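S.K.:
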Amino acid sequence: MGFFSKLFKKDDNIQESIAEPVHYNGFVIYPEPIHENGQYRVAGRICLSKDNDTLTHTFIRSDVLNNIEDAQELMISKSKLFIDQSGEDIF
1 MGFFSKLFKK DDNIQESIAE PVHYNGFVIY PEPIHENGQY RVAGRICLSK DNDTLTHTFI
61 RSDVLNNIED AQELMISKSK LFIDQSGEDI F
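Below, the structure is given as structure tokens:
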């Protein structure tokens with residue numbers, strides 16, 4: 001029985017953290033890192049409300065970081081740069 005409990009035990013060292021959305025130049029940035037093999041892949045969504053509709057651009061980067069807070073911060077900075085470069089052409 002001990003083998004199975006170790007096999008299916010949730011890793012208590014993994015702490016999931018939900019970041020608050022960031023409002024930037026009319027866009028809303030949602031950092032949503034993906035947990036992979038003990039690290040966090042930079043990922044998230046950029047949303048824009050326009051004409052009673054919400055446009056969403058979801059992206060996953062190749063960047064992988066050791067902690068979730070760093071992955072969230074990098075996602076926010078990359079999103080701001082993407083917004084500055086592309087504006088509404090993101091969608």
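Residue numbers for the sequence shown follow full-length UniProt numbering, so the first one is 1 and each next one is one higher.
C-beta atoms are modelled at their ideal positions from N, C-alpha and C, and glycine is treated no differently.
All values derive from a computational prediction rather than experimental measurement.
Using the rule of at least 16 other Cβ atoms within 10 Å of the residue's Cβ for burial, across every protein chain shown, is residue 79 buried or exposed?
M.R.: Stepping through the sequence shown from its first residue, residue 79 is reached at position 79. So residue 79 counts as buried.
S.K.: Residues in the same chain with beta-carbon distance under 8 Å from residue 11, minus the five sequence neighbours each way, listed in chain order, please.
M.R.: Along the sequence shown, read from residue 1 onward, the residue named residue 11 stands at position 11. With a pLDDT of only 46 at residue 11, under 50, the local geometry of the prediction cannot be trusted, and the value read off the model is given with reservation. Nothing listed; no residue qualifies.
S.K.: Using DSSP bridges, identify the partner residues of residue 45.
M.R.: Against the sequence shown, residue 45 aligns to sequence position 45. Partner(s): 30, 58.
S.K.: Given a threshold of 16 other Cβ atoms within 10 Å of its Cβ, counted over all protein chains shown, does residue 60 qualify as buried or as exposed?
M.R.: Mapped onto the sequence shown, residue 60 falls at position 60. By the neighbour-count rule (16 or more Cβ atoms within 10 Å), residue 60 is not buried but exposed.
S.K.: Would you list the one or two residues that DSSP bridges to residue 53?
M.R.: Translated into the one-based positions of the sequence shown, residue 53 becomes position 53. According to DSSP, which records beta bridges pairwise, residue 53 is partnered with 50.
S.K.: Less than 7 Å between the CB of residue 32 and some heavy atom of the ligand SAM, yes or no?
M.R.: The ligand SAM is not among the ligands present in this structure, which contains no ligands whatsoever.
S.K.: By DSSP's criteria, residue 39 is part of a beta bridge. Which residues make up the other side?
M.R.: Looking up residue 39 in the sequence shown gives position 39. Its beta-bridge partners are 36.
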